[in-house]
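S.K.:
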Amino acid sequence: MCADLSTKTFEVTDYDLSTTLESGQAFGWRKHGQGWVGVVDRRWVFLESSATTLRAETAGEVRDWSWLIHYLQLELDLGSIVATFPADPPMQQAVRACRGLRLLRQDPWETLASFILSSTKQITQIQQIVRLVCERFGAGVPTPPGHTPAYAFPAAEVLADLGEKQLRDCKMGFRAPYLLGAARAVAQGRLDLNALESMPTEAARTQLSALHGVGRKISDCVLLFAYGRQDAFPVDVWIMKMLREQYFPRRKVNLRRLQRFAATHFGPNAGYAQQYLFHYARSQISQRARDAS
DNA sequence: GCCCAGGTGAAGC
DNA sequence: GCTTCACATGGG
Numbered sequence: 016m017c018a019d020l021s022t023k024t025f026e027v028t029d030y031d032l033s034t035t036l037e038s039g040q041a042f043g044w045r046k047h048g049q050g051w052v053g054v055v056d057r058r059w060v061f062l063e064s065s066a067t068t069l070r071a072e073t074a075g076e077v078r079d080w081s082w083l084i085h086y087l088q089l090e091l092d093l094g095s096i097v098a099t100f101p102a103d104p105p106m107q108q109a110v111r112a113c114r115g116l117r118l119l120r121q122d123p124w125e126t127l128a129s130f131i132l133s134s135t136k137q138i139t140q141i142q143q144i145v146r147l148v149c150e151r152f153g154a155g156v157p158t159p160p161g162h163t164p165a166y167a168f169p170a171a172e173v174l175a176d177l178g179e180k181q182l183r184d185c186k187m188g189f190r191a192p193y194l195l196g197a198a199r200a201v202a203q204g205r206l207d208l209n210a211l212e213s214m215p216t217e218a219a220r221t222q223l224s225a226l227h228g229v230g231r232k233i234s235d236c237v238l239l240f241a242y243g244r245q246d247a248f249p250v251d252v253w254i255m256k257m258l259r260e261q262y263f264p265r266r267k268v269n270l271r272r273l274q275r276f277a278a279t280h281f282g283p284n285a286g287y288a289q290q291y292l293f294h295y296a297r298s299q300i301s302q303r304a305r306d307a308s
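To convert, note that position 154 of the first sequence is 169 in my numbering; the numbers rise steadily by one, no gaps.
Spelled out as structure tokens, the structure:
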């Protein structure tokens, strides 16, 4: 499928596109030349950024770019968010190290499915699995001439009709029945993802956690990355290690305790703060690895 | 071979 | 309540 090209340039400040797309919140972006290729809202997109601009290309004629503005959260004033973070040393180090890191606003079903696939997997492997699922079961989307085929993340209705074996063949292992169960719950209307939008966070979290294979962490990822809930604070192994080392040194603190701490300590934009801490923790490790070699 | 990866649910205490 | 363990698969 080929189509014409539409381009648009946005003025931006403090928008680090690469860090944002690589920070483990979205798994469908692929580096292409100086930019990135992905699919947003069933549209093929190429993104490229400079210090003050973000240029987008997409297939077909586009007059209204609001879908992309929303996805990239281009109208968000990042400074006013970061200003609400606590002033303690670890948080401020993370802010300095991750300048321009943003939260995307992703499709709820794609986010839920992706994070079901994320448990005890490295980010590169999650990308691999998500890519396989898209290529095998996703709908093709129009691409500009000369580009390789692109696929949207498959709808819940599509995955719901598959067998567990077909999903396992995408290398997702024990997560296959979890994904299938979630797809069927959404396809059959037992879980209404649209309804979560207007629901208090705690109620939405309960709804998501009712799915087999979805607990507190995955629920919080969905609430944060798809719904923008700032009172969602996913605590994964990286955040756990970071919180223990930086805020509770030489003390035994369990997960429950860390969650309670996070819920009050990081302020009204705790979810955003979490992404800064997560990315900072991971970049520290890769920096140490580079220093060692 | 070993340990670990954006976890979760079940079983054990 | 809290802690421990199995669960697929691949990278370092």
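Backbone N, C-alpha and C define an ideal beta-carbon position, used for all residues, glycine too.
In whole angstroms, what is the alpha-carbon distance linking TRP124 and ILE141?
M.R.: Spanning the two alpha carbons is a distance of roughly 16 Å.
S.K.: Is the separation between the beta-carbon of THR73 and that of SER21 shorter than 9 Å?
M.R.: Yes, the Cβ-Cβ distance between THR73 and SER21 is below 9 Å.
S.K.: Is DSSP giving LYS23 helix, strand or coil here?
M.R.: Strand, per DSSP.
S.K.: To the nearest angstrom, how far is the alpha carbon of ALA41 from that of SER81?
M.R.: Distance between the alpha carbons of ALA41 and SER81: 19 Å.
S.K.: So, at 6 Å on beta carbons, what are the nonlocal neighbours of ARG45 in its own chain, with the 5 sequence-adjacent residues on each side left out?
M.R.: Within the same chain, ARG45 has close Cβ partners VAL52.
S.K.: Where does VAL52 sit, in a helix, a strand or coil, going by DSSP?
M.R.: In the structure shown, VAL52 sits in a strand (DSSP, three-state: E or B).
S.K.: At what residue ranges does the region 211 to 259 contain a whole run of the alpha helix (DSSP H), taking only runs of 4 or more?
M.R.: Fully enclosed alpha helix (DSSP H) runs of 4 or longer: 216 to 224 and 231 to 240.
S.K.: Secondary structure at TYR321, three-state DSSP: helix, strand or coil?
M.R.: Only positions 16 to 308 of the chain appear in the structure, and residue 321 is not among them; the question remains open.
S.K.: Could you tell me if GLY50 is buried or exposed, where buried requires 16 or more neighbouring beta carbons within 10 angstroms of its beta carbon?
M.R.: Buried, because 16 or more other Cβ atoms sit within 10 Å of the Cβ of GLY50.
S.K.: With distances taken from CA atoms, which of ILE84, SER38 and LYS23 is nearest TYR287?
M.R.: Considering only alpha carbons, the answer is SER38.
S.K.: Kindly indicate which three-state DSSP category LYS46 falls into: helix, strand or coil?
M.R.: Here LYS46 sits in strand by DSSP.
S.K.: Given a cut-off of 9 Å on the beta-carbon distance, is the pair MET187 and VAL237 in contact?
M.R.: No. Outside cutoff.
S.K.: Ignore the nearest five residues each way along the sequence and tell me which others in ALA247's own chain have a CB closer than 7 Å to its CB.
M.R.: Excluding residues within five positions, the ones whose Cβ falls inside 7 Å are THR216, ASP235, LEU238, LEU239 and GLY286.
S.K.: Between the Cα of PHE61 and the Cα atoms of THR135, VAL252 and THR163, which residue gives the shortest distance?
M.R.: For PHE61, the nearest C-alpha among the options comes from THR163.
S.K.: What is the residue span of the alpha helix (DSSP H) that VAL145 lies within?
M.R.: From DSSP, the alpha helix (DSSP H) with VAL145 extends over 138 to 152.
S.K.: Got a sec, what are the start and stop residues for the alpha helix (DSSP H) ALA277 sits in?
M.R.: Unbroken alpha helix (DSSP H) run through ALA277: 270 to 280.
S.K.: Can you tell me whether VAL77 is helix, strand or coil according to DSSP?
M.R.: Looking at VAL77 - three-state DSSP - the assignment turns out to be coil, as it is neither helix nor strand.
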